[in-house]
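If you're matching positions, the sequence shown starts at 89 in our numbering and goes up one per residue.
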Amino acid sequence: MSKYEIQDLEARKKALDVTVSAIISAGAGAGKTGIIARRHLNCLLNVDKPEQVLSMTFTRDAASEMRHRIVQILIDAKTKPRPSNEYEQEGYDIAVKVLEKDRKNEWNIIENPHRLSIMTIDSLCAQIVRQVPILSGMGGDMQIAEDPFAIYNKASARVIDKINDPESGLVDDVRGLLLYMHGNQQRCIDLISSMLAKRDQWMRHVIQSDSILDREKMKHVLENLLNEQVNKVCKLFGHQRDNISKLLDFAASNLPADHILSQGADEIGYWERAAELFLTKDNSVRKSVNKNLGFPAGADAKEAKELWKSVAEQIDEELAEALAKNKKLPSGLNDEQWGLLETFFRLLWQAVIELKVLFIEDGEVDFTEISQRALSVLTYDGDIENDIALKMFSWYRHILVDEVQDNNRTQYQFIAALVQEWDSSLGNTLFLVGDPKQSIYRFREADVGLFIQSQEYGIGSISFELLSLTSNFRSSDGIVNWNNEVYAHSFPSSSDISMGAVKYTESTPVIEGKLKEPVTVVPLFENDDEKEAEEVIKAVKETLERNPSGDIAILVRARTHLDSIASALFDNKISYQAVEIQRLSSRQVIIDAISLSKSLTHAFDNTAWLALMRLPCVGLSLADITTLFENMGEDAVLERLYDNERISKLSGNGREKVDILKKCYEWSQAMLGTISIRNIIEGVWLQLGAPSGYSDRDIRDVQTFFGLLETYGFDTCIDFNQVSRQLDKLYAQPKFSEDTKVTLMTIHKAKGLEFETVIMPGLGKASRNSDSPLILWHEFTSYDSTEPELLVAPIKSTKDDPNYQYLMDMESEKDAYERARLMYVGTTRPKNKLYLIGHINQKDFGPALTLSKLKQPASKSCLAVIWDSVKDDYLTAAIEKEVNDLEGNDDEVTVEPFYYKRVEKPNYPALEDRI
């Protein structure tokens, strides 16, 4: 029996009230799926058909889980007694009533669960365009492209080809782009392709050209942002404004006219000068001022320096961060940049036209096209058959949306369109559930600011009752309390719609933990993957010893962080399963199969043929390879296979292998045009005896590769770049057995899951910088408007551009907010035990080491998110390391003996004082 009570029972009961629309903010472990399942069941009591209740999820797996959960609740109500728990009783009673209605109306939901309208937003969009093919403009049997980037690249290449088409009117624009990108044509194609993949974000601003090329509007948007920034700084520094003004005027009186501080306390550029006065180049607070900043030596500046010091001492991390944003503020785009934007957008608009042509030619579209067409159907204001689409899709009486914090702007617009014509007298409701603290899909353009906006302004004409679920039914109290303590300081102090900043809200524990130390921090002092893997193995073994039946998740931010760990698990004979970790394209068996495929379809691809010689199924010795292929010159490898003089000099085994290889090649050429290219390549693979050189897992993986070749039919012109892109989206089969307790996955894949123990290595590794887009933009919603605003800047060539840098800084800030949310997702997965493993680059140890001398983790690492809460552990570990090194003892020793021996030396303060 837990000592904790459920603190949010009233909110949970209110969430089941189908007479009101509500938006729920539900923390990790709050049981969001259970709430939606019960709400869905209760809505069934208020409709004529089960299809009139629509639940939309983020993924197909989530949709399947929700359908299963609802059916299971009905089965339990049919077969089990009423529970004793008050909260569970309410759900049980709803299910009993649904079963009665199900019987009377012959719905047969348990036998026909497909009658439950539960699907992803993408699936609903596809359903709409299929059912209204003429109005949506998606007539015919359009398929979803498996590799849309292949189509994007083709469309982009067609745009670049316009340089040879004077009638297109784009010759100068293409030439301008190529010159700006230093003639790198492939780079231009890649940049345009990337913009096409995100076209739904910028097209809504370009579709009416005035909305993006209106300089006055853009200037107004920028001014509003800068004013908000200034207002925030004024609010934080308001009590020091007079002192800062005195200091600026004093500094100006001692500096030349061309110095940045020469304007003193003038209003224009005031906070930019204040930032220069108090912050260093890396935006840390200055330790002192000197004559270079207008504070000369001598008694005349003594009073001013003391005043400066008193102000500087009050600048904490939040104040410094706010002040730093005022450095090098943008003034707006110049004529040259506007000209570039006009050029780029003309080319992008042409790329969209080419893309739509290719969609028709290929009979394939991407999800963006589907969602845009579906939205156009729902927002159509014409009179085609009395708005047939409106009649078809406004009949939903209740709509529920899960994980709404991960939706992008187009998806929010789609939800608004679904409910735009609802008749309020019918009692329709919209129910949104999400956790803004778990919004981690910015790379898919998820905008958590829209969640905050919906809470304040509603969606369309619907306003929401705001509910908050704080009880955590997953993790023990030790885990919950640790998360509360850490993230109260790691998250921003206030929410910000435009920047997607989310304030932390505490969770309350329900489960009483049994472990004395639910969270273990493992400090490392160098970036050593092997050492980190050793620590992971220790944690796994310790966990299995403590609880042999408990499941363990090893969670990382990037798949590459698991390479050494997977090898260490294998070496220690610890079975594991890897969820979408190792891309098929990196598997040796796939690389070998590609070499074979290239050899058979590109006879003079010497690289592929040479790789083929070393395949296990061919396996020529290095001596035979040297004999056969030395002094190649302009010869082809294939030609050397028919050089009888060289063949005669090979070893007996070598001659036999070459003979088999030639027969296989000749068979493949004879079969061209009679069987598919997939069957030819797979046939040679089998004739060479290739499967005998690989594991069962390898053979399963290579079958996936052969399946990709199926689409080429009899065509031998295989686009291996496209095949590689497809392989990059596919993953190797996991190593799995029935007794497997260890799962390797990314934090993104772990979202929504729970495990007995979670191990998070690689926390000290920094994320890599993302590629610069052709046009950098910041789309956001301000507090005083529900319409999206946009700031843009063209990709910079070589010159520094304050506008581009300003937007890059905003991107970095949004990335930092999401990094904190990503870390939160990871540390809220465990039920009972959490291990945190990460490194700092600490090279200096010794008795004088203090927190101030401890190295900081990489700024873009997950460890930096929680550093303030774990740095004491790193200092303690560093001191212990010094003890071990000095005493030459590899065994663990405590810190105390070290200080007892040296207590008489005042230079060695006690550990607690140093921390």
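Glycine residues also receive a C-beta, built at the ideal position from the N, C-alpha and C atoms.
CA-to-CA distance, residue j to residue i, given in whole angstroms
{"i": "Lys-751", "j": "Cys-705", "result": "14 angstroms"}
{"i": "Asn-660", "j": "Glu-618", "result": "13 angstroms"}
{"i": "Ala-53", "j": "Leu-429", "result": "Beyond the ends of the chain as shown, which are 89 and 1003, falls residue 53; an answer cannot be given."}
{"i": "Ser-282", "j": "Tyr-240", "result": "8 angstroms"}
{"i": "Gly-1005", "j": "Ala-952", "result": "Shown here, the chain extends from 89 to 1003; a query on residue 1005 therefore has no answer."}
{"i": "Ser-372", "j": "Leu-381", "result": "16 angstroms"}
{"i": "Val-247", "j": "Gly-264", "result": "13 angstroms"}
{"i": "Gln-682", "j": "Glu-452", "result": "As written in the sequence, residue 682 is Ile, which differs from the Gln given in the question. C-alpha separation (whole angstroms): 26 angstroms."}
{"i": "Asp-261", "j": "Leu-436", "result": "11 angstroms"}
{"i": "Leu-266", "j": "Thr-596", "result": "57 angstroms"}
{"i": "Asp-978", "j": "His-836", "result": "Note that Asp-978 scores a pLDDT of 48, beneath 50, so its modelled location is shaky and nothing firm can be said."}
{"i": "Leu-708", "j": "Asn-809", "result": "28 angstroms"}
{"i": "Ser-172", "j": "Ile-197", "result": "26 angstroms"}
{"i": "Arg-287", "j": "Ser-586", "result": "20 angstroms"}
{"i": "Ser-783", "j": "Asp-680", "result": "14 angstroms"}
{"i": "Thr-517", "j": "Ile-277", "result": "46 angstroms"}
{"i": "Lys-525", "j": "Asp-584", "result": "13 angstroms"}
{"i": "Arg-702", "j": "Thr-695", "result": "12 angstroms"}
{"i": "Ser-376", "j": "Lys-941", "result": "19 angstroms"}
{"i": "Ile-713", "j": "Ser-736", "result": "13 angstroms"}
{"i": "Phe-502", "j": "Leu-212", "result": "10 angstroms"}
{"i": "Asp-388", "j": "Ser-350", "result": "19 angstroms"}
Exposure of residue i, with buried meaning 16 or more beta-carbon neighbours within 10 Å
{"i": "Thr-982", "result": "Per-residue confidence for Thr-982 stands at a pLDDT of 42, beneath the threshold of 50, marking its modelled position as unreliable; the derived number appears in the next sentence. Thr-982 should be labelled exposed."}
{"i": "Pro-611", "result": "buried"}
{"i": "Pro-636", "result": "exposed"}
{"i": "Phe-531", "result": "exposed"}
{"i": "Gly-115", "result": "buried"}
{"i": "Ser-398", "result": "exposed"}
{"i": "Arg-917", "result": "buried"}
{"i": "Asp-96", "result": "buried"}
{"i": "Ile-356", "result": "exposed"}
{"i": "Thr-762", "result": "exposed"}
{"i": "Gly-721", "result": "exposed"}
{"i": "Gln-944", "result": "exposed"}
{"i": "Glu-457", "result": "buried"}
{"i": "Asp-723", "result": "exposed"}
{"i": "Glu-442", "result": "buried"}
{"i": "Tyr-69", "result": "Limits of the chain in this structure are 89 at one end and 1003 at the other, which puts residue 69 out of reach."}
{"i": "Asp-190", "result": "buried"}
{"i": "Lys-91", "result": "exposed"}
Residue of the options minimising C-alpha distance to residue i
{"i": "Ser-581", "options": "Phe-531, Ala-412 and Lys-320", "result": "Lys-320"}
{"i": "Val-507", "options": "Ile-550, Ser-578, Phe-933 and Lys-919", "result": "Ile-550"}
{"i": "Tyr-500", "options": "Ile-599, Thr-869, Asn-920 and Asn-891", "result": "Thr-869"}
{"i": "Ile-748", "options": "Trp-773, Asn-571, Ser-764 and His-486", "result": "Trp-773"}
{"i": "Ile-94", "options": "Asp-584, Asn-414 and Ile-599", "result": "Ile-599"}
{"i": "Glu-970", "options": "Val-318, Glu-176 and Phe-613", "result": "Phe-613"}
{"i": "Asn-732", "options": "Glu-722, Phe-717 and Ile-678", "result": "Phe-717"}
{"i": "Ser-113", "options": "Ser-527, Asp-859 and Leu-910", "result": "Ser-527"}
{"i": "Leu-711", "options": "Ser-685, Asp-693 and Ser-739", "result": "Here the sequence assigns Ala to residue 711, which means Leu is not the residue at that position. That would be Ser-739, whose Cα lies nearest to the Cα of Ala-711."}
{"i": "Trp-396", "options": "Ile-806, Asn-331 and Ala-505", "result": "Asn-331"}
{"i": "Gly-796", "options": "Ile-787, Ser-812 and Gly-781", "result": "The sequence as given places Leu at residue 796; Gly does not occur at that position. Minimum Cα distance to Leu-796 is reached at Ser-812."}
{"i": "Ile-280", "options": "Leu-937, Asp-961, Ile-232 and Pro-882", "result": "Pro-882"}
{"i": "Asp-494", "options": "Asn-200, Tyr-575 and Gly-840", "result": "Gly-840"}
{"i": "Asp-789", "options": "Ile-678, Thr-845 and Val-141", "result": "Ile-678"}
{"i": "Ile-847", "options": "His-649, Ser-513 and Glu-360", "result": "His-649"}
{"i": "Gln-893", "options": "Ile-216, Met-144 and Pro-418", "result": "Pro-418"}
CB-CB length for residue i against residue j, believed under 8 angstroms
{"i": "Ala-654", "j": "Leu-832", "result": "6 angstroms"}
{"i": "Ser-563", "j": "Lys-829", "result": "In fact, because the Cβ distance is near 19 angstroms, the residues do not count as touching under 8 angstroms."}
{"i": "Asn-130", "j": "Leu-104", "result": "5 angstroms"}
{"i": "Ile-232", "j": "Arg-155", "result": "The Cβ separation is near 22 angstroms, so there is no contact."}
Residues bridged to residue i [DSSP beta-bridge criterion]
{"i": "Gln-231", "result": "Glu-452"}
{"i": "Gln-317", "result": "In DSSP, Gln-317 forms no bridge with anything."}
{"i": "Leu-518", "result": "Ile-487"}
{"i": "Met-833", "result": "Leu-643"}
{"i": "Gly-926", "result": "Pro-611"}
{"i": "Met-144", "result": "Met-207 and Val-489"}
{"i": "His-866", "result": "Leu-879"}
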